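Enquirer: The listed protein sequences correspond, in order, to chains A and B. For the first sequence, the numbering used here gives the first residue as 30, with consecutive numbering after it. For the second sequence, the numbering used here gives the first residue as 10, with consecutive numbering after it. Structure below; questions to follow.
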Amino acid sequence: MLSVSEMLKMRDKLRKWREENYRNSEQIVDVGEELLNEHASKLGDDIWIIYEQVMIAALDCSRDDLAWSCLQELKRQFPDSHRVKRLAGMRLEALERYEDANKLYDSILQDDPTNTAARKRKISILRAQGKSSEAIRELNEYLEQFVGDQEAWHELSELYINEHDYAKAAFCLEELMMTNPHNHLYCEQYAEVKYTQGGLENLELARKYFAQALKLNNRNMRALFGLYMSASHIAASPKVSAKVKKDNMKYGAWAASQISRAYQMAGRGKKENKCSVKAVEEMLESMQITMS
Amino acid sequence: MAGPELLLDSSIRLWVVLPIVFITFFVGVLRHYVTQLIHNEKKVDLQQVSDSQVLLHSRILRENGKYLPKQSFAMRKHYFNNPETGFFKKVKRKVIPKNPMTDTSMLTDMMKGNLTNVLPMILIGGWINWAFSGFVTTKVPFPLTLRFKPMLQRGIELISLDASWVSSASWYFLNVFGLRSMYTLILGQDNGADQSRIMQSQMTGAAMAMSPDPNKAFKSEWEALEIVEHKWALENVEEELVCQDLNFRGLFKAEVQVSVD
């Protein structure tokens, strides 16, 4: 049995997870189930959104019993709501009854053609069934109408990367970069895609965007490694002019020194520091791209 | 400067000033809830949503295009502005001009707006004028010219009275506008009791979903996009980065310990 203060703390934790979009479903199910069973009356109006949150988490953990009871409560309170219908559809998806889920979403869309949630769920059904080319096609149509939906752009870029269509994935990531110019993760992902595409121009772009990601967030180790790799790759390529080669070797050397400094700082005060620093140096050497 | 300092009876303060504040405030709160009750869901058109998002997209392209590589920017600009196949040139939406008098949904909206906002204001203003007339209520802290006298001193016919002394009706109007921030505090943003915002929107006449003329909006976006040039923000990014040192101090220590344990 929890005291009132503990209950309030749990409620605030749930709210934080909800607002920051955490996906720690098992924790949510634990905390939420206890909260709902013991303290339902004290939660007031918050209870409905907690039901929704716990239900989605329960679907993630395949707790169909909990999901069903949450759904019943929500259906009782909001009988005609599209939002609740979408949750019912998600439960059907979790049970792999894709046909029924599709029918449900279609009925929502007939009622309200602008409902984005139902359309996105239909696309995720296609993805769950493994029909990625159809999912890509549907997602493209969706994005033609709702150009501003960033989740959708990100999903599309992931789908394209899985299909190895890097040019189109780069396009999607450009959209994301444009709308969120200060997000270093998009810059870095874009740079990685460009690096994978290969070719001198793309490598240069990749290097620039790795540098931009570092500028936006100087803790991004992945971008630092990416900068090192792309710079050394360009420097090792036979077609570049001497000046470009020199510049890139300078960048590569700088990146390498920053990497070793970072590992030194991180390992400060730990006994294994010396070995890990040496390991980093060896790794950097082995990552050198030579012409052979 | 004119007139001696008047000393007002303190019962004016107790029985006039404070009641008017309370009345205004509670009527405002009431209006907010009534607005919420009789407000009906606005049916959005798919086409409108899509158009507004496209316009937003184009605007973002203009503002943040400098973070994209030159070619990508050119590709997108081309998509919008190409003389033959560009989006803004090709797509002409059929616009049915929405006449406020005949369009039923807008008519009911307007009526409801009037009912909840203007009507109470008139009623209560009139009642206060009738009930609390004939005496001076309060003094505004800044001097006013004589032209304000007939407006602010209804019911008090004293030629020599300073224009700063106002009647209860003007105190009521002061309250209506002054309590706006109180409403925001208690009812949250976007509340139905906020009269001045509604009056503002009525004056500018801008409809919410931008339905009047997407064509015009497209044309202005097209012009704006034509003149934008691409100046790559990433031109010298590596030089800048390499010159400075990535400041790692203090960033890693705690993190590593947590992750290892």
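Just so it is clear, CB atoms sit at the ideal spot from N, CA and C, and this is done for glycine as well. Just so you know, these numbers come straight off a predicted model, no measurement behind them.
The segment 55-70 of chain B: which residues have C-beta closer than 7 angstroms to a C-beta of chain A, in chain order?
Expert: LEU55, VAL58, SER59, GLN62, VAL63, LEU65, HIS66, ILE69 and LEU70
Enquirer: Can you tell me the Cα-Cα spacing of B:GLY214 and B:ALA140, whole angstroms?
Expert: Unreliable placement is indicated for B:GLY214, whose pLDDT of 39 sits below 50; the coordinate value is still reported in the next sentence. Going from the Cα of B:GLY214 to the Cα of B:ALA140 covers about 35 angstroms.
Enquirer: Any idea what DSSP makes of A:LYS38, helix, strand or coil?
Expert: helix
Enquirer: Would you call the CB atoms of B:VAL149 and B:SER169 closer than 7 angstroms?
Expert: no
Enquirer: Could you check whether A:VAL113 and A:CYS99 sit closer than 7 angstroms to each other, using their CB atoms as the reference points?
Expert: It is not a contact, given that the beta carbons lie outside the stated cut-off.
Enquirer: Whole angstroms is fine: what's the gap from A:VAL306's alpha carbon to A:ALA285's?
Expert: 12 angstroms
Enquirer: Distance cutoff 7 angstroms, beta carbons only. Does B:PRO78 sit that close to anything in chain C?
Expert: The chain inventory of the structure shown lacks chain C, comprising the protein chains A and B.
Enquirer: A:ILE79 to A:LYS104, Cα distance in whole Å?
Expert: 14 angstroms
Enquirer: How long is the line joining the alpha carbons of B:ARG22 and B:THR125, rounded to whole angstroms?
Expert: 29 angstroms
Enquirer: Under 6 angstroms Cβ to Cβ from A:GLU102, same chain only, skipping five residues before and after it: list those, please.
Expert: TYR80
Enquirer: For B:LYS240, which of helix, strand or coil comes out of DSSP?
Expert: coil
Enquirer: Distance check for A:GLU184 and A:GLY4, CA to CA, integer angstroms please.
Expert: Outside the displayed range of chain A (30 to 321) lies residue 4 of chain A, so it cannot be described from this structure.
Enquirer: By DSSP, does B:VAL175 sit in helix, in strand, or in coil?
Expert: Residue state, collapsed to three classes: strand.
Enquirer: By the 10 Å Cβ neighbour count, where 16 or more other Cβ atoms means buried, how is A:GLY228 classified, buried or exposed?
Expert: The residue in question, A:GLY228, is exposed, as its Cβ has fewer than 16 Cβ neighbours within 10 Å.
Enquirer: Chain A partners of B:VAL251, CB-CB under 9 angstroms?
Expert: ALA240, LYS279, TYR280, TRP283 and ALA284
Enquirer: How close, in whole Å, do the beta carbons of B:PHE96 and B:PHE89 come, if the pair is a contact with beta carbons under 8 angstroms?
Expert: 5 angstroms
Enquirer: What is the DSSP secondary structure of B:LYS148, counted as helix, strand or coil?
Expert: In the structure shown, B:LYS148 sits in a strand (DSSP, three-state: E or B).
Enquirer: If you measure between the beta carbons of B:GLY37 and B:TYR181, is that distance less than 7 angstroms?
Expert: no
Enquirer: Leaving aside the five residues before and after A:LEU95 along the sequence, list all residues of the same chain whose C-beta is less than 8 angstroms from its C-beta, in chain order.
Expert: VAL58, GLU62, VAL83, MET84 and ALA87
Enquirer: Less than 7 angstroms between CB atoms is the rule here; does A:THR225 satisfy it with respect to chain B?
Expert: Using beta-carbon distances, A:THR225 does not count as an interface residue toward chain B, since no partner is under 7 angstroms.
Enquirer: Give the interface partners of B:GLU230 over in chain A, defined as CB-CB distance under 7 angstroms, in chain order.
Expert: None at all; the shortest Cβ gap to chain A is about 13 angstroms.
Enquirer: Quick one: list the residues of chain B neighbouring A:PHE175, beta-carbon separation under 9 angstroms, in chain order.
Expert: VAL58, SER59 and GLN62
Enquirer: Between B:ALA242 and B:LYS121, is the Cβ-Cβ spacing less than 7 angstroms?
Expert: no
Enquirer: Name the chain A residues whose beta carbon is nearer than 7 angstroms to that of B:VAL246?
Expert: Below the 7 angstroms Cβ cutoff, chain A contributes LYS237, ALA240, GLN241 and LYS244 as neighbours of B:VAL246, in chain order.
Enquirer: My output table needs one value for A:PHE107: the three-state DSSP class, helix, strand or coil.
Expert: coil
Enquirer: Quick one: using the 10 Å Cβ neighbour count with 16 as the cut-off for buried, is B:GLN162 buried or exposed?
Expert: buried
Enquirer: Since B:ALA178 and B:GLY134 should fall inside the 8 angstroms C-beta cutoff, what is the C-beta to C-beta distance between them, to a whole number of angstroms?
Expert: In this structure, B:ALA178 and B:GLY134 form a Cβ contact; the two beta carbons are roughly 6 angstroms apart against a cut-off of 8 angstroms.
Enquirer: Anything in chain B within Cβ reach of A:GLU203, meaning under 7 angstroms, just list it in chain order.
Expert: Here the neighbours are LEU77 and SER81.
Enquirer: Taking 7 angstroms as the cut-off, decide whether the C-beta atoms of A:MET188 and A:ILE165 are in contact.
Expert: Checking the sequence shown, residue 188 of chain A turns out to be Leu, not Met. Yes, they are a contact pair.
Enquirer: May I ask you to report which of helix, strand or coil DSSP gives B:LYS75?
Expert: helix
Enquirer: Going by beta carbon distance, what residues of the same chain come within less than 7 angstroms of A:CYS216, once the five residues before and after it are set aside?
Expert: MET206, TYR238, GLN241, ALA242 and LEU245
Enquirer: In three-state DSSP terms, what is A:ALA285?
Expert: DSSP places A:ALA285 in helix when its eight states are reduced to three.
Enquirer: In chain order, what residues of the segment 196-220 of chain A put their CB closer than 7 angstroms to some CB of chain B?
Expert: GLU203, MET206, MET207, THR208 and PRO210
Enquirer: Would you mind telling me which residues of chain A sit closer than 9 angstroms to B:ASN73, beta carbon to beta carbon, in chain order?
Expert: MET206, MET207, THR208, ASN209 and PRO210
Enquirer: Measure the alpha-carbon distance for A:ILE190 versus A:ASP75 and round it to whole angstroms.
Expert: If I take the Cα positions, the gap works out to 39 angstroms.
Enquirer: What does A:LEU100 reach in chain B if we use C-beta pairs closer than 7 angstroms?
Expert: By Cβ distance, chain B contributes nothing, its closest Cβ being about 24 angstroms from A:LEU100, past 7 angstroms.
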